[in-house]
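> Can you keep this structure in mind? I'll have questions shortly.
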Amino acid sequence: MRDQYDALPVSLTNPASNIFGSMASLMPSTNVGFIPLNGQGDILHTRESAVWQNLQNKQMQYWAYVYCSPLASVIDRQTNADLNGVLEILNDEGDYDTTRYGKAVGKRLQNPNPMQDWYEFRGQQMVYKKVYGYCPVYTMEFSSSPDKTTTWFWNMHPLYFDPVHNDKFSLIKSPNPIKEWRYSFHEGTSYDFEITIPADKIIILRDGYMTQTDGFGLPLSKIAGLEWAISNIMAAMEADNVLLRKKGPLGFISQDSTKDPVAGYVPLSPKEKTEVQDDLRQYGLSWSQWQYVVTRHGLKWNPMSFSVGDLETKATIRQGIDSICDRFGYPAELMSGKNATYENRTSSERWLINNVTIPENKRDMLKYTTYYDTNVTCYYGDMPVLQDAVLANGEGLKNRTVALDIQYKSGIITKNQFLSALELDTIPDGDVYYVEPKKETPPTSEPQPQPNESPIND
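Numbering-wise, my numbering puts 1464 at position 307 of the sequence shown, and it's gapless, one number per residue.
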(Lines of atoms letter the chains of each structure in order from A and count residues from 1; the text may use other names and numbers.)
(Lines give C-alpha, C1' and ligand atoms only; values in the text may rest on other atoms or scores of the structure.)
Protein backbone atom coordinates (compact mmCIF):
# COMPACT_ATOMS: atom_id res chain seq x y z
CA MET A 1 0.00 0.00 0.00
CA ARG A 2 2.97 2.29 0.70
CA ASP A 3 4.15 1.88 -2.91
CA GLN A 4 0.69 2.87 -4.14
CA TYR A 5 0.80 6.04 -2.03
CA ASP A 6 4.21 6.93 -3.43
CA ALA A 7 3.07 6.32 -7.01
CA LEU A 8 -0.10 8.40 -6.79
CA PRO A 9 1.39 11.94 -6.77
CA VAL A 10 3.50 11.09 -9.82
CA SER A 11 0.53 9.61 -11.64
CA LEU A 12 -1.60 12.69 -10.99
CA THR A 13 0.94 14.87 -12.79
CA ASN A 14 -0.01 13.13 -16.03
CA PRO A 15 -2.14 15.62 -17.97
CA ALA A 16 -4.31 12.76 -19.20
CA SER A 17 -5.69 12.41 -15.68
CA ASN A 18 -7.05 15.93 -15.86
CA ILE A 19 -10.21 16.83 -17.77
CA PHE A 20 -8.32 19.63 -19.48
CA GLY A 21 -5.48 17.32 -20.58
CA SER A 22 -4.98 14.89 -23.44
CA MET A 23 -7.97 12.67 -22.73
CA ALA A 24 -9.61 13.85 -25.94
CA SER A 25 -7.57 11.17 -27.70
CA LEU A 26 -9.72 8.53 -26.00
CA MET A 27 -12.34 6.95 -28.23
CA PRO A 28 -15.81 7.01 -26.70
CA SER A 29 -17.59 3.83 -25.74
CA THR A 30 -20.13 2.13 -28.01
CA ASN A 31 -23.12 3.74 -26.30
CA VAL A 32 -22.24 7.13 -27.77
CA GLY A 33 -24.86 8.52 -30.10
CA PHE A 34 -23.08 11.51 -31.65
CA ILE A 35 -19.51 12.65 -31.06
CA PRO A 36 -17.40 15.13 -33.07
CA LEU A 37 -14.18 13.37 -34.04
CA ASN A 38 -12.02 16.28 -35.19
CA GLY A 39 -12.05 19.88 -36.30
CA GLN A 40 -12.84 18.96 -39.90
CA GLY A 41 -16.53 18.43 -39.31
CA ASP A 42 -16.30 14.62 -39.17
CA ILE A 43 -18.60 13.00 -36.63
CA LEU A 44 -19.09 9.54 -35.26
CA HIS A 45 -22.53 8.02 -35.73
CA THR A 46 -23.38 4.83 -33.89
CA ARG A 47 -27.10 5.27 -34.37
CA GLU A 48 -29.28 6.42 -37.20
CA SER A 49 -29.93 9.80 -35.59
CA ALA A 50 -27.23 12.14 -34.33
CA VAL A 51 -28.24 12.63 -30.70
CA TRP A 52 -26.48 12.75 -27.36
CA GLN A 53 -28.06 9.89 -25.50
CA ASN A 54 -27.33 8.07 -22.26
CA LEU A 55 -25.91 11.08 -20.43
CA GLN A 56 -25.99 9.01 -17.24
CA ASN A 57 -22.78 7.47 -18.56
CA LYS A 58 -19.59 9.09 -17.22
CA GLN A 59 -17.83 8.96 -20.59
CA MET A 60 -20.73 10.78 -22.24
CA GLN A 61 -20.83 13.35 -19.42
CA TYR A 62 -17.17 14.08 -20.07
CA TRP A 63 -17.71 14.50 -23.83
CA ALA A 64 -20.72 16.73 -23.20
CA TYR A 65 -18.55 19.07 -21.12
CA VAL A 66 -15.80 19.06 -23.76
CA TYR A 67 -17.94 19.70 -26.84
CA CYS A 68 -21.09 21.52 -25.64
CA SER A 69 -19.72 25.00 -24.97
CA PRO A 70 -22.90 26.41 -23.32
CA LEU A 71 -22.84 23.54 -20.81
CA ALA A 72 -19.15 24.12 -20.07
CA SER A 73 -19.80 27.85 -19.71
CA VAL A 74 -22.48 27.33 -17.05
CA ILE A 75 -20.26 24.90 -15.12
CA ASP A 76 -17.18 27.12 -15.32
CA ARG A 77 -19.11 30.23 -14.27
CA GLN A 78 -20.58 28.46 -11.26
CA THR A 79 -17.05 27.37 -10.39
CA ASN A 80 -15.72 30.94 -10.62
CA ALA A 81 -18.61 32.17 -8.46
CA ASP A 82 -17.66 29.65 -5.76
CA LEU A 83 -14.00 30.72 -5.85
CA ASN A 84 -14.98 34.22 -4.66
CA GLY A 85 -15.21 32.80 -1.15
CA VAL A 86 -12.32 33.48 1.24
CA LEU A 87 -11.24 30.38 3.15
CA GLU A 88 -11.47 30.85 6.93
CA ILE A 89 -10.81 28.66 9.99
CA LEU A 90 -13.04 29.70 12.90
CA ASN A 91 -13.49 28.64 16.51
CA ASP A 92 -16.79 27.81 18.20
CA GLU A 93 -17.41 31.49 18.95
CA GLY A 94 -17.15 32.40 15.27
CA ASP A 95 -13.80 34.17 15.63
CA TYR A 96 -10.59 33.31 13.80
CA ASP A 97 -8.98 30.17 15.20
CA THR A 98 -5.57 31.44 16.28
CA THR A 99 -4.51 28.22 17.99
CA ARG A 100 -1.57 26.25 16.66
CA TYR A 101 -3.92 23.59 15.32
CA GLY A 102 -6.22 26.10 13.62
CA LYS A 103 -3.30 27.81 11.90
CA ALA A 104 -1.94 24.43 10.75
CA VAL A 105 -5.33 23.48 9.25
CA GLY A 106 -5.53 26.76 7.37
CA LYS A 107 -1.98 26.38 6.07
CA ARG A 108 -2.66 22.85 4.84
CA LEU A 109 -5.87 23.80 3.03
CA GLN A 110 -4.13 26.72 1.32
CA ASN A 111 -1.91 24.06 -0.29
CA PRO A 112 -3.87 20.80 -0.09
CA ASN A 113 -1.26 18.88 -2.11
CA PRO A 114 2.16 19.53 -3.64
CA MET A 115 0.64 20.23 -7.08
CA GLN A 116 -2.21 22.65 -6.31
CA ASP A 117 -3.13 25.64 -4.20
CA TRP A 118 -6.61 26.00 -2.69
CA TYR A 119 -8.17 27.78 -5.67
CA GLU A 120 -6.87 25.23 -8.21
CA PHE A 121 -7.93 22.39 -5.94
CA ARG A 122 -11.39 23.82 -5.25
CA GLY A 123 -11.97 24.77 -8.89
CA GLN A 124 -11.13 21.27 -10.08
CA GLN A 125 -13.45 19.57 -7.61
CA MET A 126 -16.25 21.97 -8.51
CA VAL A 127 -15.96 20.99 -12.19
CA TYR A 128 -15.85 17.29 -11.28
CA LYS A 129 -18.96 17.72 -9.13
CA LYS A 130 -20.92 19.52 -11.83
CA VAL A 131 -19.95 17.12 -14.61
CA TYR A 132 -20.26 13.78 -12.79
CA GLY A 133 -22.52 14.67 -9.87
CA TYR A 134 -19.85 14.10 -7.22
CA CYS A 135 -16.15 14.49 -6.55
CA PRO A 136 -14.21 11.87 -4.55
CA VAL A 137 -11.43 13.46 -2.47
CA TYR A 138 -8.62 11.16 -1.38
CA THR A 139 -7.27 11.96 2.10
CA MET A 140 -3.69 10.73 1.87
CA GLU A 141 -2.65 10.25 5.47
CA PHE A 142 0.88 9.26 6.43
CA SER A 143 1.42 6.54 9.01
CA SER A 144 4.53 8.34 10.25
CA SER A 145 2.43 11.31 11.39
CA PRO A 146 -0.97 10.88 13.09
CA ASP A 147 -1.49 14.65 12.82
CA LYS A 148 -4.25 15.30 10.28
CA THR A 149 -2.72 18.65 9.35
CA THR A 150 -0.09 16.73 7.36
CA THR A 151 -2.74 15.05 5.19
CA TRP A 152 -2.65 15.61 1.44
CA PHE A 153 -5.93 15.98 -0.43
CA TRP A 154 -6.33 14.81 -4.04
CA ASN A 155 -9.38 15.18 -6.28
CA MET A 156 -9.92 11.83 -7.97
CA HIS A 157 -11.30 11.94 -11.50
CA PRO A 158 -14.59 9.99 -11.43
CA LEU A 159 -14.06 8.85 -15.03
CA TYR A 160 -11.21 6.61 -13.81
CA PHE A 161 -12.25 6.17 -10.19
CA ASP A 162 -14.80 3.40 -9.64
CA PRO A 163 -16.40 2.22 -6.39
CA VAL A 164 -16.44 -1.45 -5.38
CA HIS A 165 -19.52 -2.93 -3.73
CA ASN A 166 -19.38 -3.87 -0.07
CA ASP A 167 -20.61 -7.46 0.09
CA LYS A 168 -21.13 -7.11 3.85
CA PHE A 169 -23.23 -3.98 3.54
CA SER A 170 -25.64 -3.56 6.45
CA LEU A 171 -27.41 -0.48 7.73
CA ILE A 172 -26.37 -1.46 11.26
CA LYS A 173 -23.03 -3.29 11.11
CA SER A 174 -21.49 -1.97 7.86
CA PRO A 175 -23.49 1.06 6.67
CA ASN A 176 -21.19 2.07 3.81
CA PRO A 177 -22.25 0.34 0.54
CA ILE A 178 -18.78 1.02 -0.88
CA LYS A 179 -15.97 -1.27 0.23
CA GLU A 180 -13.14 0.47 -1.62
CA TRP A 181 -12.32 2.56 -4.67
CA ARG A 182 -10.19 1.57 -7.66
CA TYR A 183 -8.33 4.16 -9.66
CA SER A 184 -7.17 2.78 -13.00
CA PHE A 185 -5.71 4.40 -16.08
CA HIS A 186 -4.73 2.29 -19.07
CA GLU A 187 -3.65 3.76 -22.39
CA GLY A 188 -0.66 1.62 -23.19
CA THR A 189 1.76 4.27 -21.95
CA SER A 190 4.28 4.53 -19.16
CA TYR A 191 1.62 6.30 -17.09
CA ASP A 192 -0.65 3.25 -16.91
CA PHE A 193 -1.41 2.30 -13.33
CA GLU A 194 -4.07 0.92 -10.99
CA ILE A 195 -4.45 1.37 -7.24
CA THR A 196 -7.02 0.50 -4.60
CA ILE A 197 -8.00 2.95 -1.86
CA PRO A 198 -10.13 2.07 1.23
CA ALA A 199 -13.54 3.74 1.33
CA ASP A 200 -12.81 5.42 4.68
CA LYS A 201 -10.02 7.41 3.03
CA ILE A 202 -12.43 9.05 0.58
CA ILE A 203 -14.53 12.17 1.17
CA ILE A 204 -17.49 12.46 -1.23
CA LEU A 205 -18.51 16.00 -2.23
CA ARG A 206 -22.00 15.84 -3.72
CA ASP A 207 -23.64 18.12 -6.25
CA GLY A 208 -27.17 16.72 -6.39
CA TYR A 209 -29.53 14.89 -4.07
CA MET A 210 -31.04 12.19 -6.28
CA THR A 211 -28.94 9.03 -6.06
CA GLN A 212 -28.07 6.67 -8.88
CA THR A 213 -29.67 3.24 -9.09
CA ASP A 214 -26.44 1.20 -8.95
CA GLY A 215 -26.56 0.66 -5.19
CA PHE A 216 -23.55 2.84 -4.30
CA GLY A 217 -25.62 5.78 -3.09
CA LEU A 218 -23.73 8.26 -5.26
CA PRO A 219 -25.65 11.29 -6.59
CA LEU A 220 -26.87 11.53 -10.16
CA SER A 221 -25.20 14.08 -12.40
CA LYS A 222 -27.34 17.07 -13.34
CA ILE A 223 -26.25 16.52 -16.94
CA ALA A 224 -28.47 13.43 -16.95
CA GLY A 225 -31.81 14.44 -18.42
CA LEU A 226 -30.33 17.09 -20.70
CA GLU A 227 -30.04 14.71 -23.67
CA TRP A 228 -32.40 16.63 -25.93
CA ALA A 229 -31.22 20.08 -24.86
CA ILE A 230 -27.60 19.19 -25.62
CA SER A 231 -28.57 17.30 -28.79
CA ASN A 232 -30.52 20.29 -30.09
CA ILE A 233 -27.68 22.69 -29.32
CA MET A 234 -25.10 20.51 -31.06
CA ALA A 235 -27.37 19.86 -34.05
CA ALA A 236 -28.12 23.59 -34.42
CA MET A 237 -24.44 24.48 -34.20
CA GLU A 238 -23.62 21.81 -36.76
CA ALA A 239 -26.29 23.21 -39.08
CA ASP A 240 -24.86 26.72 -38.70
CA ASN A 241 -21.40 25.38 -39.44
CA VAL A 242 -22.58 23.59 -42.58
CA LEU A 243 -24.41 26.70 -43.80
CA LEU A 244 -21.32 28.80 -43.16
CA ARG A 245 -18.91 26.46 -44.91
CA LYS A 246 -21.08 25.10 -47.69
CA LYS A 247 -23.77 27.78 -47.88
CA GLY A 248 -26.43 25.12 -47.58
CA PRO A 249 -28.08 23.33 -50.53
CA LEU A 250 -27.66 26.09 -53.10
CA GLY A 251 -28.66 23.69 -55.84
CA PHE A 252 -27.73 20.42 -57.48
CA ILE A 253 -25.74 19.34 -60.51
CA SER A 254 -27.27 16.92 -62.96
CA GLN A 255 -26.57 15.50 -66.40
CA ASP A 256 -27.57 17.90 -69.15
CA SER A 257 -30.97 16.60 -70.24
CA THR A 258 -30.60 17.97 -73.81
CA LYS A 259 -31.08 14.90 -75.94
CA ASP A 260 -28.42 13.98 -78.43
CA PRO A 261 -30.15 13.76 -81.84
CA VAL A 262 -28.27 10.53 -82.51
CA ALA A 263 -27.61 8.69 -79.24
CA GLY A 264 -30.31 10.26 -77.04
CA TYR A 265 -30.01 11.01 -73.28
CA VAL A 266 -27.41 8.97 -71.38
CA PRO A 267 -27.31 9.44 -67.54
CA LEU A 268 -24.08 9.62 -65.55
CA SER A 269 -22.76 6.28 -64.40
CA PRO A 270 -21.88 5.84 -60.70
CA LYS A 271 -18.20 6.06 -61.61
CA GLU A 272 -18.73 9.29 -63.54
CA LYS A 273 -20.79 10.73 -60.69
CA THR A 274 -17.98 10.02 -58.20
CA GLU A 275 -15.47 11.54 -60.61
CA VAL A 276 -17.52 14.74 -60.92
CA GLN A 277 -17.92 15.02 -57.13
CA ASP A 278 -14.19 14.56 -56.58
CA ASP A 279 -13.39 17.18 -59.20
CA LEU A 280 -15.80 19.74 -57.76
CA ARG A 281 -14.07 19.60 -54.34
CA GLN A 282 -11.21 21.56 -55.94
CA TYR A 283 -13.49 24.58 -56.43
CA GLY A 284 -14.65 27.06 -53.83
CA LEU A 285 -14.12 30.50 -52.30
CA SER A 286 -10.83 29.92 -50.45
CA TRP A 287 -7.46 30.96 -51.85
CA SER A 288 -6.39 27.33 -52.19
CA GLN A 289 -9.34 26.47 -54.45
CA TRP A 290 -10.23 27.24 -58.04
CA GLN A 291 -13.12 29.55 -58.87
CA TYR A 292 -13.80 28.51 -62.48
CA VAL A 293 -15.10 25.04 -63.21
CA VAL A 294 -13.86 23.18 -66.30
CA THR A 295 -15.24 19.72 -66.95
CA ARG A 296 -15.54 17.36 -69.89
CA HIS A 297 -18.99 16.19 -68.75
CA GLY A 298 -22.20 17.67 -70.03
CA LEU A 299 -23.60 19.05 -66.78
CA LYS A 300 -26.45 21.34 -65.83
CA TRP A 301 -26.80 23.54 -62.74
CA ASN A 302 -30.20 23.50 -61.02
CA PRO A 303 -30.42 26.35 -58.46
CA MET A 304 -32.54 25.96 -55.33
CA SER A 305 -33.95 28.63 -53.05
CA PHE A 306 -33.46 28.00 -49.34
CA SER A 307 -34.49 30.17 -46.39
CA VAL A 308 -31.85 29.99 -43.68
CA GLY A 309 -34.17 31.74 -41.24
CA ASP A 310 -36.61 28.83 -41.39
CA LEU A 311 -34.13 26.70 -39.45
CA GLU A 312 -34.34 29.00 -36.39
CA THR A 313 -31.06 27.61 -35.11
CA LYS A 314 -30.44 30.59 -32.82
CA ALA A 315 -33.79 30.09 -31.09
CA THR A 316 -33.04 26.38 -30.70
CA ILE A 317 -29.67 27.12 -29.11
CA ARG A 318 -31.21 29.74 -26.84
CA GLN A 319 -33.88 27.29 -25.68
CA GLY A 320 -31.25 24.64 -25.00
CA ILE A 321 -29.16 27.10 -22.97
CA ASP A 322 -32.21 28.02 -20.90
CA SER A 323 -32.78 24.33 -20.14
CA ILE A 324 -29.17 23.91 -19.00
CA CYS A 325 -29.37 27.02 -16.81
CA ASP A 326 -32.60 25.82 -15.22
CA ARG A 327 -31.09 22.40 -14.48
CA PHE A 328 -27.98 23.81 -12.83
CA GLY A 329 -29.65 26.71 -11.04
CA TYR A 330 -27.76 29.34 -13.01
CA PRO A 331 -29.60 32.57 -13.95
CA ALA A 332 -30.04 32.64 -17.72
CA GLU A 333 -29.84 36.45 -17.61
CA LEU A 334 -26.11 36.12 -16.97
CA MET A 335 -25.53 34.26 -20.24
CA SER A 336 -24.62 36.18 -23.37
CA GLY A 337 -27.42 37.05 -25.75
CA LYS A 338 -30.01 37.96 -23.11
CA ASN A 339 -29.43 41.74 -23.36
CA ALA A 340 -30.17 42.03 -19.64
CA THR A 341 -30.01 45.42 -17.93
CA TYR A 342 -27.49 46.23 -15.21
CA GLU A 343 -30.17 45.94 -12.53
CA ASN A 344 -31.28 42.52 -13.79
CA ARG A 345 -27.72 41.20 -13.93
CA THR A 346 -26.93 42.53 -10.46
CA SER A 347 -30.00 40.96 -8.89
CA SER A 348 -29.30 37.70 -10.76
CA GLU A 349 -25.71 37.61 -9.51
CA ARG A 350 -26.91 38.25 -5.97
CA TRP A 351 -29.50 35.49 -6.29
CA LEU A 352 -26.85 33.07 -7.59
CA ILE A 353 -24.49 33.74 -4.69
CA ASN A 354 -27.16 33.62 -1.97
CA ASN A 355 -29.25 30.70 -3.23
CA VAL A 356 -26.80 28.44 -5.06
CA THR A 357 -23.15 29.23 -4.38
CA ILE A 358 -23.19 29.77 -0.61
CA PRO A 359 -25.50 26.81 0.26
CA GLU A 360 -23.46 24.41 -1.91
CA ASN A 361 -20.20 25.71 -0.49
CA LYS A 362 -21.44 25.31 3.10
CA ARG A 363 -22.35 21.70 2.35
CA ASP A 364 -18.84 20.97 1.05
CA MET A 365 -17.02 22.86 3.82
CA LEU A 366 -18.95 20.81 6.37
CA LYS A 367 -17.03 17.76 5.10
CA TYR A 368 -13.71 19.43 5.94
CA THR A 369 -15.14 20.65 9.26
CA THR A 370 -16.01 17.07 10.17
CA TYR A 371 -12.61 15.78 9.08
CA TYR A 372 -10.61 18.37 11.06
CA ASP A 373 -13.09 18.83 13.93
CA THR A 374 -12.86 22.59 13.51
CA ASN A 375 -14.96 25.12 11.62
CA VAL A 376 -13.87 25.44 7.98
CA THR A 377 -15.87 28.07 6.07
CA CYS A 378 -15.71 30.40 3.09
CA TYR A 379 -16.68 34.06 3.50
CA TYR A 380 -18.46 35.85 0.64
CA GLY A 381 -19.42 39.11 2.35
CA ASP A 382 -16.73 41.16 0.61
CA MET A 383 -18.12 40.53 -2.87
CA PRO A 384 -19.13 43.83 -4.51
CA VAL A 385 -22.53 42.48 -5.52
CA LEU A 386 -23.28 41.66 -1.87
CA GLN A 387 -21.80 44.94 -0.65
CA ASP A 388 -24.27 46.77 -2.89
CA ALA A 389 -27.03 44.87 -1.14
CA VAL A 390 -25.68 45.88 2.28
CA LEU A 391 -25.66 49.55 1.26
CA ALA A 392 -29.15 49.24 -0.17
CA ASN A 393 -30.39 47.58 3.03
CA GLY A 394 -28.80 50.37 5.12
CA GLU A 395 -30.47 53.03 3.03
CA GLY A 396 -33.76 51.18 3.30
CA LEU A 397 -33.44 50.92 7.08
CA LYS A 398 -32.80 54.64 7.30
CA ASN A 399 -35.90 55.45 5.24
CA ARG A 400 -38.01 53.04 7.28
CA THR A 401 -36.82 54.57 10.54
CA VAL A 402 -37.73 58.07 9.35
CA ALA A 403 -41.21 56.90 8.29
CA LEU A 404 -41.84 55.16 11.64
CA ASP A 405 -40.62 58.21 13.53
CA ILE A 406 -43.21 60.34 11.73
CA GLN A 407 -45.96 57.84 12.65
CA TYR A 408 -44.82 57.73 16.29
CA LYS A 409 -44.68 61.51 16.69
CA SER A 410 -48.07 61.80 14.99
CA GLY A 411 -49.64 59.58 17.64
CA ILE A 412 -50.37 56.69 15.26
CA ILE A 413 -48.13 54.02 16.87
CA THR A 414 -46.74 53.49 20.37
CA LYS A 415 -43.08 53.52 21.31
CA ASN A 416 -42.96 49.69 21.53
CA GLN A 417 -44.67 49.38 18.15
CA PHE A 418 -41.97 51.68 16.80
CA LEU A 419 -39.26 49.41 18.22
CA SER A 420 -40.94 46.17 17.11
CA ALA A 421 -41.22 47.44 13.54
CA LEU A 422 -37.43 47.88 13.56
CA GLU A 423 -37.02 44.38 15.07
CA LEU A 424 -35.63 45.85 18.29
CA ASP A 425 -36.38 44.84 21.88
CA THR A 426 -39.33 46.57 23.54
CA ILE A 427 -39.14 48.38 26.89
CA PRO A 428 -41.36 47.87 29.98
CA ASP A 429 -43.17 51.22 29.84
CA GLY A 430 -43.15 51.58 26.09
CA ASP A 431 -46.84 50.96 25.29
CA VAL A 432 -47.53 54.66 25.24
CA TYR A 433 -48.09 57.18 22.51
CA TYR A 434 -45.88 60.11 21.87
CA VAL A 435 -46.62 63.19 23.95
CA GLU A 436 -45.07 66.39 22.83
CA PRO A 437 -43.19 67.94 25.74
CA LYS A 438 -44.58 71.19 27.11
CA LYS A 439 -42.56 74.28 26.44
CA GLU A 440 -41.86 76.23 29.66
CA THR A 441 -42.10 80.03 29.27
CA PRO A 442 -39.32 81.75 31.20
CA PRO A 443 -40.66 84.39 33.73
CA THR A 444 -40.38 87.99 32.63
CA SER A 445 -38.75 90.38 35.15
CA GLU A 446 -39.86 94.01 35.24
CA PRO A 447 -37.06 96.58 35.12
CA GLN A 448 -36.01 97.84 38.55
CA PRO A 449 -35.92 101.59 39.09
CA GLN A 450 -32.50 103.05 39.14
CA PRO A 451 -31.32 105.18 42.03
CA ASN A 452 -32.49 108.80 41.98
CA GLU A 453 -35.14 107.77 39.41
CA SER A 454 -38.85 107.74 40.02
CA PRO A 455 -40.76 104.56 39.03
CA ILE A 456 -43.50 106.86 37.72
CA ASN A 457 -42.91 108.83 34.62
CA ASP A 458 -43.31 112.47 34.93
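Ideal placement from N, C-alpha and C gives every residue a C-beta, glycine not left out.
Where does K1595 fall in DSSP's three states?
Three-state DSSP puts K1595 in coil, outside helix and strand.
> Since M1522 is in the alpha helix (DSSP H), which residue starts that stretch and which ends it?
M1522 -> alpha helix (DSSP H) spans 1515-1529.
> Using C-beta distances below 6 Å, list every residue in its chain close to E1506, excluding the 5 sequence neighbours before and after it, in chain order.
V1542.
> For a test of the three-state rule: what should DSSP assign to P1303, helix, strand or coil?
Here P1303 sits in coil by DSSP.
> Could you check which residue in L1244, M1522, E1298 has the C-alpha nearest to that of Y1276?
Looking at the Cα atoms, L1244 is the closest of the given residues.
> So the candidates are E1469, N1512, A1392; which of them puts its Cα closest to the Cα of A1238?
Out of E1469, N1512, A1392, N1512 has the C-alpha closest to the C-alpha of A1238.
> Relative to the C-alpha of R1363, which candidate in C1225, L1523, S1341 has its C-alpha closest?
Selected option, being the one with the closest Cα: L1523.
> Taking 9 Å as the threshold (C-beta atoms), are T1534 and K1519 in contact?
In contact: K1519 and T1534 (Cβ atoms closer than 9 Å).
> So, with DSSP's three-state summary, where would you put L1194?
With a pLDDT of 48 at L1194, under the threshold of 50, the modelled position of this residue cannot be trusted, and the question is left open.
> Tell me whether F1318 sits in a helix, a strand or coil according to DSSP, three-state version.
Looking at F1318 - three-state DSSP - the assignment turns out to be strand.
> Should T1308 be labelled buried (16 or more other beta-carbon atoms within 10 Å of its own) or exposed?
Buried, since its Cβ has 16 or more Cβ neighbours within 10 Å.
> What's the call for S1186, buried or exposed, on a 16-neighbour Cβ count within 10 Å?
Reliability fails at S1186, whose pLDDT of 41 lies under 50, so the model's placement of it is uncertain and no value is given.
> Taking Cβ positions, are V1284 and Y1366 nearer each other than 9 Å?
No. Outside cutoff.
> Is it right to say S1300 is buried, meaning 16 or more other beta carbons lie within 10 angstroms of its own, or is it exposed?
Looking at its Cβ environment, which holds fewer than 16 other Cβ atoms inside 10 Å, S1300 is exposed.
> Roughly how many whole angstroms lie between the Cα atoms of G1568 and V1589?
If you take the alpha carbons of G1568 and V1589, they lie about 9 Å apart.
> With a 10 Å radius around its C-beta and 16 neighbouring C-beta atoms as the bar for buried, classify I1329 as buried or exposed.
Answer is exposed; the Cβ neighbour count stays below 16.
> Any idea if Q1282 is buried or exposed, counting beta-carbon neighbours within 10 angstroms, 16 or more meaning buried?
Flag for Q1282 reads buried.
> Got a sec? Which residues, its chain only, sit under 8 Å from M1394 by beta carbon, not counting five neighbours each side?
Hits under 8 Å: T1470, I1474.
> Which stretch, first to last residue, makes up the beta strand (DSSP E) that contains K1336?
Start and end: 1335-1342.
> Tell me whether the beta-carbon of I1354 lies closer than 9 Å to the beta-carbon of W1338.
In this structure, W1338 lies closer than 9 Å to I1354 by Cβ.
> Does the count of Cβ pairs from the region 1306-1322 and the region 1261-1274 closer than 8 Å reach three?
Touching, yes.
> Within the present structure, is the beta-carbon of S1230 separated from the nearest heavy atom of the ligand HEM by less than 8 Å?
Absence of the ligand HEM from the depicted structure is noted, as is the absence of any ligand whatsoever, leaving it without description.
> Grab the span of the beta strand (DSSP E) containing E1351 for me, first residue to last.
First-last of the beta strand (DSSP E) with E1351: 1350-1355.
> Looking at the secondary structure, which residues open and close the beta strand (DSSP E) in which T1296 lies?
Where T1296 is concerned, the enclosing beta strand (DSSP E) stretches over 1291-1297.
> In the DSSP assignment, the alpha helix (DSSP H) including N1237 goes from what residue to what residue?
Start and end: 1226-1239.
> Identify the continuous alpha helix (DSSP H) that holds Y1641 and give its terminal residues.
This structure cannot settle anything about residue 1641, because the visible part of the chain is limited to 1158 through 1615.
> Using only alpha-carbon positions, find the residue among C1225, S1226, R1279 that is nearest to Y1525.
Comparing Cα positions, the closest option is R1279.
> If you check the beta carbons only, do K1215 and P1376 fall under 9 Å apart?
Taking 9 Å as the Cβ cut-off, K1215 and P1376 do not qualify as a contacting pair.
> For T1368, does the three-state DSSP call read helix, strand or coil?
Here T1368 sits in strand by DSSP.
> Rounded to whole angstroms, what's the CA-CA distance from K1379 to V1231? Just pull it up for me.
When rounded, the distance between both Cα atoms is 12 Å.
> Three-state secondary structure (DSSP) at L1554?
Correct three-state label for L1554: helix.
> With 16 other CB atoms within 10 Å as the buried threshold, where does Y1291 fall?
Buried, by the Cβ-count rule.
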